[in-house]
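Structure record follows, encoded as structure tokens.
In mature numbering (1 follows the signal peptide of the UniProt record, and there is no 0), the protein residues as written are -25 to -1, 1 to 185.
Following this line, the structure appears as structure tokens:
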């Protein structure tokens, strides 16, 4: 139901909210603990989902927590052999992400560290939509969200690790769609700016010459 090869979100994030932005109660250490479980290898799906669910209970309207909770819930589809349960996890998670996108759009200046919250929510959504099976018809929207992030003016000032993650996800999508020139350009940008994903970008480019 949910592709186990889904790329982990590798960028680090820290809360740095101004007085003009909504004051959220969740602590960054708690968020990071949940995030580390989320990006961990197979076997941590339930721990990640539980951690984000607990955070969301304390902040039920927080878009970023809702997006990650939705993504983590969708990944639970890989933990069961029952088709009906796979579908239930996927649909529940996707519904949460849809709601998170609506909420994030209402807080367009909210930051999470050096990353605009709206961009991070969109990236979580795009990564999840591109990972679920095609019959769920989420790939087109996932691609559109990824394109929105790439075109957003505040991507240029976002944390380099976040930008690198976005570029690499876009590069892999371009490769899948046989847009090799675009794929190479995105990976080369990761290397040029020495993003944390540089080694992965080099390995990615080697695949074109193999």
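Just so it is clear, CB atoms sit at the ideal spot from N, CA and C, and this is done for glycine as well.
Would residue i and residue j qualify as a contact pair, given that the criterion is a beta-carbon distance under 7 Å?
i: residue 38; j: residue 78; result: yes
i: residue 121; j: residue 145; result: yes
i: residue 124; j: residue 97; result: yes
i: residue 71; j: residue 44; result: yes
i: residue 176; j: residue 162; result: yes
i: residue 170; j: residue 135; result: yes
i: residue 42; j: residue 52; result: no
i: residue 50; j: residue 20; result: yes
i: residue 46; j: residue 99; result: yes
i: residue 164; j: residue 142; result: yes
So, with DSSP's three-state summary, where would you put residue i?
i: residue 90; result: strand
i: residue 134; result: coil
i: residue 170; result: coil
i: residue 99; result: helix
i: residue 106; result: coil
i: residue 83; result: coil
i: residue 55; result: coil
i: residue 129; result: helix
i: residue -5; result: Here residue -5 scores only 44 on pLDDT, less than 50, and its place in the model should not be relied on; the value that follows carries that caveat. Coil.
i: residue 140; result: helix
i: residue 28; result: helix
i: residue 152; result: coil
Hey, quick one: how far does the alpha helix (DSSP H) through residue i stretch, first residue to last?
i: residue 179; result: 173 to 184
i: residue 159; result: 155 to 167
i: residue 58; result: 58 to 80
i: residue 120; result: 114 to 126
i: residue 10; result: 3 to 14
i: residue 18; result: Per DSSP, residue 18 belongs to no alpha helix (DSSP H) and is neither H nor E.
i: residue 45; result: 38 to 50
Using 7 Å as the limit for Cβ to Cβ distance, is residue i near chain D?
i: residue 130; result: Considering every chain present, this structure includes no chain D. It has just one protein chain.
Are the stretch 81 to 91 and the stretch 103 to 114 touching, with three or more C-beta to C-beta distances below 8 Å? Touching, no.
If we count Cβ pairs, one from each stretch, closer than 8 Å, do we get three or more for the stretch 6 to 15 versus the stretch 24 to 35? The stretch 6 to 15 is in contact with the stretch 24 to 35.
Cβ contact check for the stretch 87 to 95 and the stretch 56 to 67: 3 or more pairs under 8 Å: Contact fails: fewer than three Cβ-Cβ distances are below 8 Å.
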